[in-house]
Amino acid sequence: MLKRIRLFGDPVLRTAAEPVTDFDLELRNLVRDLTETMREASGVGLAAPQIGVGLRVFTYHVDDEEYGHLINPVLELTGDPEEDDEGCLSIPGLQFPTPRAPRAIATGFSMHGEPVRIEGTELLARCVQHETDHLDGILFIDRLDARQRKLAMKAIREAEWNGEPAPKVKLSPHSTQHIS
């Protein structure tokens, strides 16, 4: 079932998610909902907090490979951070150069409780780092340098999806000339 993606400002995005302890039908339904919602939004990853669920679960779909998911991820990162443009379904339409390790190994579990290991570079490494950050209440803008973060916050404030739409300027029907 498609779920509403929570946007920047929703407190669930800043709350650390709880570890999954029950590998049951409810968890399998969550993985299905995350996958369907991510696919519909044309994302490369989606974490459970982004749909309002505070559990350590994310799905991914990178480089047209098979859809995958990871539960209770633990990351091992290698290499000096590299910057590349990064965006987020919870901060739609915006991308900023975000530093990430170039290689990642993510271990965790499948929805059936089986051990999973994901080894990735480039986009896959960036994706598992981004989604694991979501599970810790961290957004990609938190990783930006001060200058880029300031630009990101300005763009978020001006985004039409952030609260009220940007105000439209209307011409007054009244004269603006002072009459004495």
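So the sequence shown is residues 1102 to 1281, counted in the numbering used here. For every residue, glycine included, the Cβ atom is placed at its ideal position computed from N, Cα and C.
- Of the candidates 1118, 1137, 1239 and 1202, 1137 places its Cα closest to the Cα of residue 1102.
- Just so you know, the alpha carbons of residue 1235 and residue 1117 end up roughly 8 Å apart.
- Per DSSP, residue 1116 is not a residue of any beta strand (DSSP E), being assigned neither H nor E.
- Around residue 1106, the same chain offers 1138, 1142, 1151, 1152, 1190 and 1191 as residues with beta carbons nearer than 7 Å, after the five sequence neighbours per side are excluded.
- Selection 1262, 1133, 1212 and 1207 evaluated against residue 1227 yields 1207 as nearest (Cα-Cα).
- The C-alpha of residue 1164 is placed about 25 Å away from the C-alpha of residue 1128.
- Here residue 1212 is buried. Its C-beta has 16 or more other C-beta atoms within 10 Å.
- Taking the CA atoms as reference points, residue 1247 sits about 24 Å from residue 1223.
- When C-alpha distances from residue 1166 are compared across 1219, 1196 and 1120, the shortest belongs to 1219.
- Contact between residue 1145 and residue 1170 is absent: CB atoms are separated by about 13 Å, not below the 8 Å threshold.
- Sixteen is the threshold: since fewer than 16 other Cβ atoms of the shown chains lie within 10 Å of the Cβ of residue 1216, the residue is exposed.
- Inside the region 1157–1206, DSSP marks whole beta strand (DSSP E) runs of 3 or more residues at positions 1158–1161, 1169–1179, 1183–1189 and 1192–1201, from first to last along the chain.
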